[in-house]
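Q: For the sequence shown, UniProt numbering assigns the number 1 to the initial residue and increments by one for each residue that follows. Idealized CB from N, CA, C, for every residue including glycine.
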Amino acid sequence: MGNISPSYEVSSTPHTRIHKDHPIDHVIGDVQSSVQTRRMTTSYSELGFLGAIYEGKTHQDLHTCLFACFLSQEEPKRVSKALSDPAWVEAMQEELLQFKLQNVWVLVDLPKGHRAIGTKWVYRNKKDERGIVVRNKARLVAQGHTQEEGIDYDEVFAPVARIEAIRIFLAYASYMGFTVYQMDVKSAFLYGQIEEEVYVCQPPGFEDPDHPDKVYKVVKALYGLHQAPRAWYDTLATYLLSNGFQRGQIDQTLFIKSQKGHILLVQIYVDDIIFGSTKKELCDEFEKLMKDKFQMSSMGELTFFLGLQVQQRKKGIFISQDKYVHEILRKFNYTDVKSASTPTDLEKPLVKDADADDVDEHLYRSMIGSLMYLTTSRPDIMFAVCACARFQVSPKTSHLLAVKRIFRYLKGKPSLGLWYSNNSLLELVAYTDSDYAGATLDRKSTTRGCQFLGNRLISWQCKKQTVVATSTTKAEYVAAASCCGQVLWIQNQLLDYGYNFMNTVIYIDNTSTICIIENPVQHSKTKHIEIRHHFIRDCNAKKLIQMAKIDTQLNVADLLTKGFDAGRFQYLVSSIGMLNP
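See below:
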C-alpha cells in the first residue's frame with residue numbers, strides 16, 4: 001500500500017466515472033509503453049506457445065498453437081483409451097461419416113456358410129515437414145490377414161511409383177521451372193468397387209445397439225482388404241483416362257495430358273498425388289476435376305512427400321530428410337555426440353571379427369533399417385550403410401562402432417540434400433564403377449552406378465554382385481551391365497515426358513571393359529561371364545548407349561565404392577550435387 005497516493009483531485013467537470021491518475025514517480029517501467037498485465041510480462045519460457053504468439057509471431061506459430069490446443073499429441077494403443085479422448089472420438093466419427101457418404105457397406109445378417117472379417121481402429125498423428133501434429137487420423141481397417149485367396153480375393157496387384165520416378169518428376173519440374181503441387185484424397189480406398197462378397201464385423205466402440213449381432217456387407221474397398229489398393233487404382237485410372245489423360249508406357253502411375261504445347265503431369269503413389277504443369281491453368285483445372293469426383297483433404301505446394309522434404313525455390317528444388325535425421329539421432333541418443341567428417345573410418349576396415357564381443361542384434365538391425373530409409377536422399381552414406389548391413393546376422397562391437405560413425409557424420413551434416421538447379425541442361429549421363437573383391441566375407445565385388453539428368457542426380461546403386469569376379473575387368477563389366485539396365489529404364493521413362501535420349505553416354509574408368517563391350521571378337525576371353533550380362537553389347541551395337549573412358553579421379557561413382565579421406569570425400573559429395581540448404 002506504500003505506492004498509493006493519500007489524496008486525489010476531482011475535476012470540476014461532472015462525470016459519471018471517477019478517473020484516478022497514478023503518480024508519475026510511482027510508475028514502474030517506461031511511461032510511454034502500453035498497459036501491461038503481470039501475465040503479459042511473464043517470460044516466454046513459462047508461457048510456451050502462447051507467449052510466442054502474443055508477441056505477434058508468424059502464422060506458423062499460430063497454427064502450431066492451434067494444433068497443440070485442439071489435437072491430441074498421443075497415439076492411443078487401445079480403443080477404450082481413444083474413446084475417452086474427444087479429439088480421437090471426433091476423428092473416428094469423421095471416418096465413419098466417410099463410410100456413410102460413400103455407401104461403403106450395408107448392415108445385414110451374416111449368411112450361412114460365410115464368415116465375417118474382423119475390424120480394428122488404427123490411430124495415427126499426421127505431421128507436417130516441421131514435425132508438428134496437424135491432424136488426428138483414425139482409420140478403420142479390415143483384418144485382411146484372415147482373408148483366403150480364391151474366396152475373399154483374387155487379383156491384388158496395384159502399381160506403385162518407384163522413388164527414381166519421383167526424382168525424375170522433380171528434376172523435370174526444376175528444368176521446366178514450374179511449381180509442383182500435392183493433394184491427398186480423403187479415404188481414397190473407399191472409392192474402389194470390389195467384386196467379391198465380403199463381410200466385416202461392426203467397428204469396435206460403434207456397434208449398432210439395436211442390431212449388435214449383424215455384420216456389414218462391404219460394397220466398396222475397405223482399408224486392410226487385399227484387393228483394396230487395386231480397386232482404388234482402377235477407379236482413379238479409369239476416371240483420369242476418361243478425362244483426356246494418357247497413361248505412361250513404362251510407369252503406370254504416371255498420367256500425362258497435353259494441350260496446345262503445354263503438358264500436365266500427374267504422379268500417383270497410392271492415395272498421394274503430386275502434379276505440375278507448364279501452364280498454371282491446367283493445374284487449376286485438374287484440382288477442379290478431382291474435387292468433382294473425390295473429396296480432397298489437403299492441397300497446396302509440394303513440401304513433404306514419401307518422407308522427403310521438398311523445398312521449391314526460384315533457382316531450383318532442394319530435396320532433403322533433415323527432419324528424419326534429427327528423429328533418428330534422438331531415437332538412438334546421438335544428439336550430443338562429437339561429429340565426424342566422413343561416414344567411414346579408413347583405419348578400421350570392416351571384417352568378420354569373430355573374436356569380438358557380440359552386440360544387441362535387434363538394436364543393430366534397427367539402426368541399419370533407419371539408415372537405409374535415409375539413403376533415398378543421402379547417397380553420401382550409401383557405401384557405409386551397405387557395408388555395415390552385411391553383418392546383421394551376428395554383429396560385433398567393431399560393426400556397431402562403424403554404424404555409430406555414420407550417426408556421428410549425420411550429426412555434423414544433418415541438412416545435406418540433393419539440389420536440382422533450373423539452369424542445368426536436361427541431358428542423361430551415367431557413371432559406373434566397381435571395387436574388386438571388396439566384400440570381406442565372400443570376396444565378391446560390388447556394383448556402383450549413378451545416373452544424372454544434367455547435374456541432377458536421380459538414381460544411384462550400390463549392390464554386391466551375385467558372382468565372384470575373377471578379374472577387375474569382369475567386376476567392371478558386370479557393373480556396367482547393371483548401370484546399362486538402369487539407363488534403359490530411365491530412357492523409356494523419359495519417353496513419356498517427350499524426350500528421346502538415345503546413345504546415352506556411360507562413363508567408366510576401365511579401358512579393357514570398354515574393349516569387351518565394343519568388340520564382340522573378344523568373346524573367347526569372356527566365357528566365364530554369365531550370359532545375362534552380355535546384353536550391354538547389344539545395347540551398344542544398337543546405339544542405345546555408348547561407353548566413354550573417364551579418369552578415376554573424375555568418376556563420381558567412386559563415392560559408392562569405398563571410403564575416402566575428408567578432402568576427397570567432400571569433393572565427390574559436391575560433384576554429385578549435394579549441398580546444405
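Can you find the residues in the same chain that come closer than 6 Å, C-beta to C-beta, to G205, ignoring five residues on each side of it along the sequence?
A: If you number the sequence shown from 1, residue 205 lands on position 205. These residues qualify, in order along the chain: V79 and L83.
Q: Quick check on the DSSP output: the beta strand (DSSP E) that includes V134 runs from which residue to which?
A: The residue labelled residue 134 in the question sits at position 134 within the sequence shown. Taken as a continuous stretch (DSSP letters only), the beta strand (DSSP E) holding V134 covers V133 to A142.
Q: Out of curiosity, what's the CA-to-CA distance linking W121 and Q227?
A: Against the sequence shown, residue 121 aligns to sequence position 121. Against the sequence shown, residue 227 aligns to sequence position 227. When rounded, the distance between both Cα atoms is 19 Å.
Q: Is the beta carbon of A138 closer than 7 Å to that of Y123?
A: The count along the sequence shown starts at 1 and reaches residue 123 at position 123. The count along the sequence shown starts at 1 and reaches residue 138 at position 138. Closer than 7 Å, so yes.
Q: Closest to residue 657 by C-alpha separation, out of P86, I163, I132 and V156, would be which residue?
A: There is no way to answer for residue 657, as the model of the chain reaches only from 1 to 581.
Q: Thinking C-beta only, is T253 closer than 7 Å to I263?
A: Numbered from 1 along the sequence shown, position 263 holds the residue referred to as residue 263. Numbered from 1 along the sequence shown, position 253 holds the residue referred to as residue 253. Their beta carbons are not under 7 Å apart, which means I263 does not touch T253 by this criterion.
Q: Looking at the unbroken beta strand (DSSP E) that takes in H262, where does it start and where does it end?
A: Sequence index remark: in the sequence shown, residue 262 carries index 262 (1-based). For H262, the enclosing beta strand (DSSP E) covers residues H262 to Y269.
Q: Exposed or buried, which one is L554 when buried takes at least 16 other CB atoms within 10 Å?
A: Residue numbering aside, residue 554 sits at position 554 when the sequence shown is read from its first letter. Per the 10 Å Cβ criterion, exposed.
Q: Quick one: what does DSSP say I514 is sitting in, helix, strand or coil?
A: Counting from 1 along the sequence shown, the entry for residue 514 is found at position 514. Residue state, collapsed to three classes: helix.
Q: For the region 459 to 498, which segments carrying the alpha helix (DSSP H) assignment without a break, of at least 4 residues, lie completely within its bounds, in sequence order?
A: 472 to 495
Q: Around the C-beta of F535, are 16 or more other C-beta atoms found within 10 angstroms, so that it is buried, or is it exposed?
A: Residue 535 sits at position 535 when you count from the first residue of the sequence shown. Label assigned to F535: exposed.
Q: Which one or two residues does DSSP pair with T432 in a beta bridge?
A: For the purposes of this step, residue 432 is taken as residue 432 along the sequence shown, with counting starting at 1. T432 is bridged to G449.
Q: What are the boundary residues of the beta strand (DSSP E) that R124 is part of?
A: Residue numbering aside, residue 124 sits at position 124 when the sequence shown is read from its first letter. R124 -> beta strand (DSSP E) spans T119 to K127.
Q: Quick check: the Cα distance between C386 and C462, rounded to an integer number of angstroms?
A: On the sequence shown, position 386 is the one that residue 386 refers to. On the sequence shown, position 462 is the one that residue 462 refers to. Roughly 7 Å between the two C-alpha positions.
Q: At the level of alpha carbons, what is the spacing between A52 and G412?
A: By 1-based counting over the sequence shown, the position of residue 52 is 52. By 1-based counting over the sequence shown, the position of residue 412 is 412. The predicted model places A52 with a pLDDT of 46, which falls under 50 and marks its position as unreliable; any figure quoted below should be read in that light. When rounded, the distance between both Cα atoms is 29 Å.
Q: Would you report the Cα separation of N103 and Q312, rounded to the nearest angstrom?
A: By 1-based counting over the sequence shown, the position of residue 103 is 103. By 1-based counting over the sequence shown, the position of residue 312 is 312. C-alpha separation (whole angstroms): 39 Å.
Q: Once the 5 residues before and after Q249 are set aside, which same chain residues still bring their CB inside 8 Å of it?
A: Taking the sequence shown and counting its residues from 1, the one referred to as residue 249 is at position 249. Hits under 8 Å: N492, L495 and D496.
Q: Measure from the alpha carbon of K112 to the alpha carbon of each residue in K214, S421 and F407, then state which is nearest.
A: Taking the first residue of the sequence shown as 1, we reach residue 112 at position 112. The candidate whose alpha carbon is nearest that of K112 is K214.
Q: Could you tell me which whole beta strand (DSSP E) segments of length 3 or greater appear in the region 240 to 307?
A: Here the runs fully enclosed are 254 to 259, 262 to 269, 272 to 277 and 296 to 301.
Q: Contact check, L374 vs Q321 under 8 Å by CB: the rounded distance?
A: Position 374 of the sequence shown holds residue 374. Position 321 of the sequence shown holds residue 321. The pair is a contact, with the Cβ atoms about 6 Å apart (cut-off 8 Å).
Q: Between K255 and L236, is the Cβ-Cβ spacing less than 7 Å?
A: For the purposes of this step, residue 255 is taken as the residue at position 255 of the sequence shown. For the purposes of this step, residue 236 is taken as the residue at position 236 of the sequence shown. In the sequence as presented, Lys is not what sits at residue 255; that position holds Phe. No, these two residues do not count as a Cβ contact at 7 Å.
Q: Would you mind reading off the limits of the alpha helix (DSSP H) that contains Y172?
A: Within the sequence shown, numbered from 1, the residue matching residue 172 stands at position 172. That run of the alpha helix (DSSP H) goes I163 to M176.
Q: Under 6 Å Cβ to Cβ from I295, same chain only, skipping five residues before and after it: list those, please.
A: Along the sequence shown, one-based indexing puts residue 295 at 295. Reading off the sequence, residue 295 comes out as Gln, not Ile. Closer than 6 Å at the Cβ level, and outside the excluded window around Q295, lie K186.
Q: Quick check: G276 and W419, are their CB atoms within less than 7 Å of each other?
A: Taking the first residue of the sequence shown as 1, we reach residue 276 at position 276. Taking the first residue of the sequence shown as 1, we reach residue 419 at position 419. Contact flag unset, no.
Q: Distance, Cα to Cα, H399 vs K352?
A: The sequence position of residue 399 within the sequence shown is 399, counting from 1. The sequence position of residue 352 within the sequence shown is 352, counting from 1. Straight-line Cα distance between these residues: approximately 9 Å.
Q: Suppose the cutoff is 6 Å on Cβ atoms and the five residues either side in sequence are ignored; what does the same chain contact list for M183 look like?
A: What you label residue 183 is simply residue 183 of the sequence shown in a count that begins at 1. Same-chain partners within the cutoff: I273, M296 and M299.
Q: May I ask you to report which of helix, strand or coil DSSP gives Y223?
A: The residue given as residue 223 occupies position 223 in the sequence shown. Residue state, collapsed to three classes: coil.
Q: Provide the residue(s) that pair with F318 in DSSP beta bridges, ordered along the chain.
A: Translated into the one-based positions of the sequence shown, residue 318 becomes position 318. Bridge partners of F318: Q311 and W419.
Q: Are there 16 or more other CB atoms within 10 angstroms of the CB of H533, so buried, or fewer, so exposed?
A: Walking along the sequence shown from the start, residue 533 turns up at place 533. By the neighbour-count rule (16 or more Cβ atoms within 10 Å), H533 is buried.
Q: Please state the DSSP three-state secondary structure of L400.
A: Position 400 of the sequence shown, counting from 1, holds the residue named residue 400. If DSSP states are grouped into helix, strand and coil, L400 belongs with the helices.
Q: Assign F157 to buried or exposed, taking buried as 16 or more other Cβ atoms, counted over all protein chains shown, within 10 Å of its Cβ.
A: Within the sequence shown, residue 157 is the residue found at index 157, counting from 1. Counting of Cβ neighbours within 10 angstroms places F157 among the exposed residues, the total staying below 16.
Q: Distance, Cα to Cα, L441 vs A354?
A: Taking the sequence shown and counting its residues from 1, one reaches residue 441 at position 441. Taking the sequence shown and counting its residues from 1, one reaches residue 354 at position 354. So the two alpha carbons sit approximately 11 Å from each other.
Q: Output the boundary residues of the beta strand (DSSP E) element that contains I368.
A: Against the sequence shown, residue 368 aligns to sequence position 368. Careful: I368 lies outside any beta strand (DSSP E), inside the alpha helix (DSSP H) at E361 to L374.
Q: Name the two residues that bound the continuous beta strand (DSSP E) containing V573.
A: Here residue 573 corresponds to residue number 573 of the sequence shown, with the count starting at 1. No beta strand (DSSP E) holds V573; the alpha helix (DSSP H) holding it covers A566 to S575.
Q: Counting Cβ pairs, one atom from each stretch, are 3 or more of them under 8 Å apart for the region 480 to 492 and the region 504 to 514?
A: Yes, the region 480 to 492 touches the region 504 to 514.
Q: Count the other CB atoms within 10 Å of the CB of V198; is the residue buried (16 or more) or exposed (fewer)?
A: Within the sequence shown, residue 198 is the residue found at index 198, counting from 1. With 16 or more other Cβ atoms within 10 Å, it is buried.
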